[in-house]
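Colleague:
Number of protein chains: 2
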Amino acid sequence: MKYIAEITIMPLKEILDPQGKAVKSGLSNLGIKNISEVRIGKHISLEMEASSKEEAEKNAEMACKKLLANLIMENYSYVVKEA
Amino acid sequence: MKYIAEITIMPLKEILDPQGKAVKSGLSNLGIKNISEVRIGKHISLEMEASSKEEAEKNAEMACKKLLANLIMENYSYVVKEA
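First to last, the protein sequences are chains V and Y. Quick note on numbering: numbering that gives the first Met the number 0 labels position 22 of the first sequence as 21, and the sequence is numbered without any gaps. Quick note on numbering: numbering that gives the first Met the number 0 labels position 6 of the second sequence as 5, and the sequence is numbered without any gaps.
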């Protein structure tokens with residue numbers, strides 16, 4: 000069966016996000032001035048073949064831990080759904 | 000009132016995603032071989048002060064259109080919720 004894992008990887012709250020700061024001032028220059036914080040991370044969508052939702056979740060977890068996220072600076076979350 | 004807009008920006012389906020291809024082969028090298036497609040985009044969380052959910056959504060929409068997304072190559076979606 001086909002599953003899609005939607006993975007979001009964000010920099011930890013404690014860590015400075017210079018890209019977010021740049022976007023914040025960019026938005027302010029465009030006239031959107033009521034923004035208090037911007038944080039920028041990655042979104043990854045994995046399409047996979049798996050026999051069950053549990054297996055698909057295991058794959059997504061492993062992909063995050065072993066390759067996609069740097070756990071020292073980032074945290075991850077994911078949602079697995081049927082394609 | 001405080002709102003958070005969670006914005007996801009992904010490359011269009013029709014467009015090649017070389018970063019996704021690289022991650023796919025990386026996952027395969029790690030033993031996760033049942034992945035059929037990987038696409039990589041951005042996730043942006045905007046924290047803002049707004050008088051209503053509608054106003055917050057308008058801000059998120061404007062931020063996507065004017066600064067965050069390149070509409071020729073990417074599409075965007077967002078969810079606004081109370082902080």
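Beta carbons: idealized from backbone N, C-alpha and C, even for Gly. Being a predicted model, the structure only gives us computed values, none of them experimental.
From V:Lys80, V:Tyr75, V:Ala21, pick the residue whose C-alpha is nearest to that of V:Ser51; which is it?
Modeller: On the first sequence, position 52 is the one that residue 51 of chain V refers to. It is V:Lys80 whose Cα lies nearest to the Cα of V:Ser51.
Colleague: Do you know offhand how far Y:Gly19's Cα is from V:Ile34's?
Modeller: The residue labelled residue 19 of chain Y in the question sits at position 20 within the second sequence. The residue labelled residue 34 of chain V in the question sits at position 35 within the first sequence. C-alpha separation (whole angstroms): 31 Å.
Colleague: Helix, strand or coil for V:Met61? Go by DSSP, reduced to three states.
Modeller: Within the first sequence, the letter at position 62 stands for residue 61 of chain V. Reduced to three states, the DSSP call for V:Met61 is helix.
Colleague: At the level of alpha carbons, what is the spacing between V:Leu11 and Y:Glu56?
Modeller: Start at 1 with the first residue of the first sequence, and residue 11 of chain V comes out as number 12. Start at 1 with the first residue of the second sequence, and residue 56 of chain Y comes out as number 57. If I take the Cα positions, the gap works out to 25 Å.
Colleague: Figure out for me which residue from Y:Asn69, Y:Lys41, Y:Ile31 has the closest Cα to the Cα of V:Met47.
Modeller: As a first step, residue 47 of chain V must be located in the first sequence, where it is residue number 48. Taking only the C-alpha atoms, the option nearest V:Met47 is Y:Ile31.
Colleague: Does DSSP put Y:Ser24 in a helix, in a strand, or in coil?
Modeller: Within the second sequence, the letter at position 25 stands for residue 24 of chain Y. Helix.
Colleague: How is Y:Leu66 classed by DSSP in three states: helix, strand or coil?
Modeller: Taking the first residue of the second sequence as 1, we reach residue 66 of chain Y at position 67. Looking at Y:Leu66 - three-state DSSP - the assignment turns out to be helix.
Colleague: Going along chain Y, which residues have a C-beta under 7 Å from V:Leu45?
Modeller: If you number the first sequence from 1, residue 45 of chain V lands on position 46. Chain Y residues near V:Leu45: Ile34, Val37.
Colleague: Counting pairs of beta carbons, one from the region 58-67 of chain V and one from the region 1-8 of chain V, are three or more of them closer than 8 Å?
Modeller: These segments touch.
Colleague: Any Cβ of chain V within less than 9 Å of the Cβ of Y:Val22?
Modeller: Counting from one through the second sequence, the residue named residue 22 of chain Y turns up at place 23. Yes - at least one Cβ of chain V is within 9 Å of the one on Y:Val22.
Colleague: Should V:Leu15 be counted as a contact of the ligand GTP given a C-beta to heavy atom distance under 8 Å?
Modeller: As presented, the structure is devoid of all ligands, the ligand GTP included, so that no description of it is given.
Colleague: Any idea what DSSP makes of Y:Ala55, helix, strand or coil?
Modeller: Sequence index remark: in the second sequence, residue 55 of chain Y carries index 56 (1-based). DSSP places Y:Ala55 in helix when its eight states are reduced to three.
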